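Chains as they are written, first to last, in the numbering used here: chain A, 1 to 114; chain B, 1 to 114.
Have a look at the structure below, then the notes.
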DNA sequence: TTGATATTTCAATAATCATCGAATATTAAA
DNA sequence: TTTAATATTCGATGATTATTGAAATATCAA
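Have a look at this one:
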């Protein structure tokens, strides 16, 4: 993972509404949540939510898929793990560091559970 | 860890020079590095480095201590672990997630190895 | 095709952030 | 005490980011 991708990911998360959205998506798992529901839950207008979701998507932290009229977003765990790996690279000069992983959902859950 | 602290930490890391500084400090471990060396290594003037280090310190990601004329900065691993915990809270609805930890340096290394 | 639903794009404004030279501490050595 | 070394604060400028209503796009149902 290159530095500028990591910066994009961190910047995407460093904002009140986007951080809240990302956590909702992390908790929702592979099933994801549609844009409108997210706007309601967070309490921002749809156009604002769209702006924030675009940032998260552009940063690679979330993926999107259309389902009828809704566009459903889900967290991409691999991206976050990549960020973590970058931050902890050669941690403490390589002494006694535990491997990290933000989430490893079951494979059976990863395919269109929506 | 409250949301606004997490945002501060993420925002602190979401900047080219600060991200580079943080990684240098993570790799340096408890020994840390002085402000001037960091400015040289990153290639920014001392006043800019001071600005960035203040952001990292304010976010709780680094600690500082004076050693003679130098002020030495080191990464605070606990802070980063707190951010990770917050991001992954109730991950996937609590299914099959590994515990996370960015770094667990040996206790013998944690006391003034400078 | 018409109307309703779900979301995004556009555009203008407000607010926050990064940069760095000059001036100001603080510490130590001559 | 004078000088040098190390670092921070200040202040002005330029750049980036967030917000949201209105308009546009896409989907579906009658």
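Don't be surprised by glycine CBs; every beta carbon is placed ideally from N, CA and C.
Since this is a predicted model, take the numbers as computed values, not measurements.
Residue 69 (chain B) carries a coil assignment under DSSP once its states are collapsed to helix, strand and coil. Looking at A:17, A:25, A:24 and A:30, the one whose alpha-carbon comes closest to that of residue 46 (chain A) is A:17.
Apart from sequence neighbours up to five positions away, no residue of its chain approaches residue 36 (chain A) with a beta-carbon distance below 6 Å. Contacts between residue 58 (chain B) and chain A, judged by CB atoms closer than 8 Å, are missing: the closest CB pair is about 14 Å apart. Between residue 72 (chain A) and chain B, the shortest Cβ-Cβ separation is not below 7 Å. With respect to residue 4 (chain B), residue 32 (chain B) sits apart: the two C-beta atoms are not nearer than 7 Å. Annotation: Cβ neighbours of residue 7 (chain A) in chain B (cutoff 9 Å, chain order): 13, 14, 15, 16 and 19. Residue 61 (chain B) is a Cβ neighbour of residue 79 (chain B), given a cutoff of 7 Å. For a cut-off of 8 Å, the C-beta gap from residue 21 (chain A) to residue 42 (chain A) is around 6 Å, short enough to register as a contact. Residue state for residue 45 (chain B) is assigned as coil, using DSSP reduced to three classes.
Within chain B, the residues placing a beta-carbon under 8 Å from that of residue 3 (chain A) are 16, 19 and 20, ordered along the chain.
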